[in-house]
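As you go down the protein sequences, you meet chains P and S in turn. 0 is the number of the first residue of the first sequence in numbering that gives the first Met the number 0; add one for each residue after it. 0 is the number of the first residue of the second sequence in numbering that gives the first Met the number 0; add one for each residue after it. Glycine residues also receive a C-beta, built at the ideal position from the N, C-alpha and C atoms. Okay, so here's the structure we're looking at.
There are 2 protein chains.
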Amino acid sequence: MELRQLRYFMAVADELHFGRAAQKLHMSQPPLSVQIGRLEREFGTTLFDRSTRRVQLTPAGRHLQESARRILAEVDSARADMRDYVDGLTGQLSVGFVSSANYTVLPDVVRLFRARSAKVALTLVPLTSGEQMERLRDGRLDVGIVRDENPAADHVSSVPLTAEVVFEERLVACLPIGHPLAQRIEVTVDEIVAVPMISYPRLLMPGFVDRVTEVLSAAPHAANVIQEVVHQETALGFVAAGVGASILPASVRQLIPASIAVVPLAGAPTTRLLAVRQTRTMDDVRGTAFIECLRDAAASSRVLTGSQTSKR
Amino acid sequence: MELRQLRYFMAVADELHFGRAAQKLHMSQPPLSVQIGRLEREFGTTLFDRSTRRVQLTPAGRHLQESARRILAEVDSARADMRDYVDGLTGQLSVGFVSSANYTVLPDVVRLFRARSAKVALTLVPLTSGEQMERLRDGRLDVGIVRDENPAADHVSSVPLTAEVVFEERLVACLPIGHPLAQRIEVTVDEIVAVPMISYPRLLMPGFVDRVTEVLSAAPHAANVIQEVVHQETALGFVAAGVGASILPASVRQLIPASIAVVPLAGAPTTRLLAVRQTRTMDDVRGTAFIECLRDAAASSRVLTGSQTSKR
DNA sequence: CGCGGTAATACGAAACCCGTATCGTGCCTG
DNA sequence: CAGGCACGATACGGGTTTCGTATTACCGCG
Numbered sequence: 000m001e002l003r004q005l006r007y008f009m010a011v012a013d014e015l016h017f018g019r020a021a022q023k024l025h026m027s028q029p030p031l032s033v034q035i036g037r038l039e040r041e042f043g044t045t046l047f048d049r050s051t052r053r054v055q056l057t058p059a060g061r062h063l064q065e066s067a068r069r070i071l072a073e074v075d076s077a078r079a080d081m082r083d084y085v086d087g088l089t090g091q092l093s094v095g096f097v098s099s100a101n102y103t104v105l106p107d108v109v110r111l112f113r114a115r116s117a118k119v120a121l122t123l124v125p126l127t128s129g130e131q132m133e134r135l136r137d138g139r140l141d142v143g144i145v146r147d148e149n150p151a152a153d154h155v156s157s158v159p160l161t162a163e164v165v166f167e168e169r170l171v172a173c174l175p176i177g178h179p180l181a182q183r184i185e186v187t188v189d190e191i192v193a194v195p196m197i198s199y200p201r202l203l204m205p206g207f208v209d210r211v212t213e214v215l216s217a218a219p220h221a222a223n224v225i226q227e228v229v230h231q232e233t234a235l236g237f238v239a240a241g242v243g244a245s246i247l248p249a250s251v252r253q254l255i256p257a258s259i260a261v262v263p264l265a266g267a268p269t270t271r272l273l274a275v276r277q278t279r280t281m282d283d284v285r286g287t288a289f290i291e292c293l294r295d296a297a298a299s300s301r302v303l304t305g306s307q308t309s310k311r
Numbered sequence: 000m001e002l003r004q005l006r007y008f009m010a011v012a013d014e015l016h017f018g019r020a021a022q023k024l025h026m027s028q029p030p031l032s033v034q035i036g037r038l039e040r041e042f043g044t045t046l047f048d049r050s051t052r053r054v055q056l057t058p059a060g061r062h063l064q065e066s067a068r069r070i071l072a073e074v075d076s077a078r079a080d081m082r083d084y085v086d087g088l089t090g091q092l093s094v095g096f097v098s099s100a101n102y103t104v105l106p107d108v109v110r111l112f113r114a115r116s117a118k119v120a121l122t123l124v125p126l127t128s129g130e131q132m133e134r135l136r137d138g139r140l141d142v143g144i145v146r147d148e149n150p151a152a153d154h155v156s157s158v159p160l161t162a163e164v165v166f167e168e169r170l171v172a173c174l175p176i177g178h179p180l181a182q183r184i185e186v187t188v189d190e191i192v193a194v195p196m197i198s199y200p201r202l203l204m205p206g207f208v209d210r211v212t213e214v215l216s217a218a219p220h221a222a223n224v225i226q227e228v229v230h231q232e233t234a235l236g237f238v239a240a241g242v243g244a245s246i247l248p249a250s251v252r253q254l255i256p257a258s259i260a261v262v263p264l265a266g267a268p269t270t271r272l273l274a275v276r277q278t279r280t281m282d283d284v285r286g287t288a289f290i291e292c293l294r295d296a297a298a299s300s301r302v303l304t305g306s307q308t309s310k311r
């Protein structure tokens, strides 16, 4: 029993006429008769009562008709499912994101993606950049939205990743409102380095930590890291408590309490959000569609807010 | 997409190893790779991530896996269904019967058939012999249990029918209890012909009417038919009312009221139950199984009651 | 009793599928 | 780091399957 035979059988069962069925199947009548005959020999029963004048289903034929209808419908739906899947209309997409992305492009991106790919099950996983890079390599994430990571960082002969900058914003200093620098229009690297700093564990977000280190390295003295915290919110808590200052993306402004002052850094150093994925899966339609949403949302947000940021 | 390809695909998906999958499929590895590649080109996506070291399903592959599993299961069950059907384990069987068969073999037959072919849906249709012959010819009945019909009766180039005698019993005269002949051990044809007779419409049961006519034709005078009725029960009602006598199969004794006497006919003429079916469908397993039950039940009933019948 | 229509059969050509041989590649080992 | 090994991909020839054309066999009708 092969699918071709079932299709032939259904055509004859529909037409009850070998000639017309063959025509519908774009073939000639003799091989059609042969294939039907083969089915009949396989099952050990006639499927059609046929004379030269009349073709009729036997009871056994009617039984096969029901089964064949189910099978062919199943096959058609499988074909459609596969087509929808490769076209990116259905399926699953796991996207990781750094919490700070929540305050910039992410909400718009998600709204856009849900509109464009309504049937794709989108899983959003909040993770630090470092965690995302790991999960991207082992495939637990399809797309990562990370801050300042270098995808080429060689995890010893690991899966190659590809990144694309989707958003760039200024780095700002967050200071307790009472701090001498708190009322400034901007502060220099030299000035901020003198303040005790609240930083992050390099393991969890190597890109951002390295970026901040790089920016601060313009100063003659090294920064004095007085505290490491995992979340921006925690960092802001320490700042509000007067423990020290912290360098953060400008978009954190949205969750700044009155007790904290945000002061842009002189020289307008920036930090970047990158969309990262496995180079191998660059042809994945859902991932590509998602990143397309990222580009579009970032573009319109730039139009709205002005190419970079930081007016208070 | 062909079933073979789906089977190959599932083998590789199970083994995650082309060589072992090929072995399991009793074929060599190269054509297996080719067929998988063909599927992938058809769907426009890779189904396996494969290096020489590792074979893994892609997400698209997992989607196809689910569909393929369903399809192959559906095909297997279709094959099993067809096998069960041609083996006569399942299906439908329409059997017609004359009401008088209810008093002889029929209950045993049905019990036997239900035991032997439990999953076959048996439809029992009470019909006169004439009605059954018509429905047998146009296929509305698979098997008919008729009385004294001649299947060769040429319904003008119609479907040929085949009959088999399954039960033979004596014809008896039914008389009002007060009738002069009612106390006799037996009556002759000459004697009964003198009594007004209750008969049946020849159109509905030509075989039985002709048989009775044939038996009575041994008498010098023709019978005096005073009433025609459709059902035995009605005939007995007329007899009980003293309207006349009626010739019936001996098995009617079971529904004789006290007001009617049953007297065997001299010469022990008999009437026969026949199982009839289309000659064309003599290979139908369910019909054959049913008739087998008829033979077996009739045989054991003969053993129990003695080859023919009629002791009171 | 021929004629139109239809399914079955015969047979040669094309397509398809499989097996053997071989290649390319990634991983392991000495 | 060079060689060996395991494994999937490719090349190619042979056998099987399937198809199309031509023909036959059969049925119903005028």
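Measuring C-alpha to C-alpha distances from residue 271 of chain P to each of P:66, P:111, P:128 identifies P:128 as the nearest. For the pair residue 230 of chain P and residue 142 of chain P, the Cα-to-Cα distance works out to about 21 angstroms. It is roughly 37 angstroms from the alpha-carbon of residue 288 of chain S to the alpha-carbon of residue 197 of chain S. In the three-state scheme derived from DSSP, where H, G and I count as helix and E and B as strand, residue 236 of chain P is classed as helix. In this structure the region 273–285 of chain P does not lie against the region 34–45 of chain P, because fewer than three pairs of beta carbons, one per stretch, are closer than 8 angstroms.
DSSP, reduced to helix, strand and coil, places residue 283 of chain S outside both helices and strands of the structure shown, so it counts as coil. Shown here, residue 29 of chain P sits in a helix according to DSSP, grouped into three states.
Judged by their CB atoms, residue 262 of chain S and residue 170 of chain S are not nearer to each other than the 8 angstroms cut-off. Judged by DSSP in its simplified three-state form, residue 93 of chain P adopts strand.
By the CB criterion at 8 angstroms, residue 49 of chain P and residue 4 of chain P fall outside the cutoff. Within chain S, the C-beta atoms nearer than 8 angstroms to that of residue 1 of chain P come from 1, 2, 3, in chain order.
A direct Cα-to-Cα measurement between residue 113 of chain S and residue 295 of chain S gives close to 14 angstroms.
Within the same chain, Cβ atoms closer than 6 angstroms to the Cβ of residue 103 of chain P are found at 166, 250, the five residues on either side in sequence being excluded. For residue 44 of chain P, the neighbours in chain S by C-beta distance under 7 angstroms run, in chain order, 85. Here residue 238 of chain P has 173, 174, 175, 197, 244, 245, 259 as same chain residues with Cβ atoms under 8 angstroms from its own Cβ, once five neighbours each way along the sequence are excluded. In the same chain as residue 28 of chain S, and ignoring 5 residues on each side of it, the C-beta atoms closer than 6 angstroms to its own belong to 17, 18, 21, in chain order. Of all residues in the region 36–65 of chain S, the ones placed with a Cβ closer than 7 angstroms to any Cβ belonging to chain P are 42, 43, 44, 58, 59, 62, 63, in chain order.
Closest by C-alpha distance to residue 225 of chain S, out of S:219, S:200, S:209, is S:200.
If you keep only unbroken beta strand (DSSP E) runs of at least 3 residues inside the region 58–128 of chain S, you get 90–96, 119–125. A direct Cα-to-Cα measurement between residue 82 of chain P and residue 0 of chain P gives close to 25 angstroms.
Between residue 185 of chain P and residue 265 of chain P, the CB-CB gap stays under 8 angstroms.
Between residue 73 of chain S and chain P, the shortest Cβ-Cβ separation is below 8 angstroms. Residue pairing from DSSP places residue 162 of chain P in a beta bridge opposite P:275. For residue 80 of chain P, the nearest CB of chain S lies under 8 angstroms from its own CB, placing it at the interface with that chain. Between residue 206 of chain P and residue 144 of chain P the beta-carbon gap is near 12 angstroms, outside 8 angstroms, which marks them as no contact.
When secondary structure is reduced to three states using DSSP, residue 264 of chain S falls in the strand class. For residue 70 of chain P, at least one C-beta of chain S is nearer than 8 angstroms to its own C-beta. Every unbroken stretch of the beta strand (DSSP E) spanning 3 or more residues and falling wholly within the region 155–226 of chain S is given here in chain order: 160–175, 195–198. For residue 215 of chain S and residue 100 of chain S, the gap between their C-alpha atoms comes out near 23 angstroms. Taking 8 angstroms as the cut-off, the Cβ atoms of residue 55 of chain S and residue 15 of chain S count as close. Not flagged as an interface residue toward chain S: residue 120 of chain P, since no C-beta distance is shorter than 8 angstroms.
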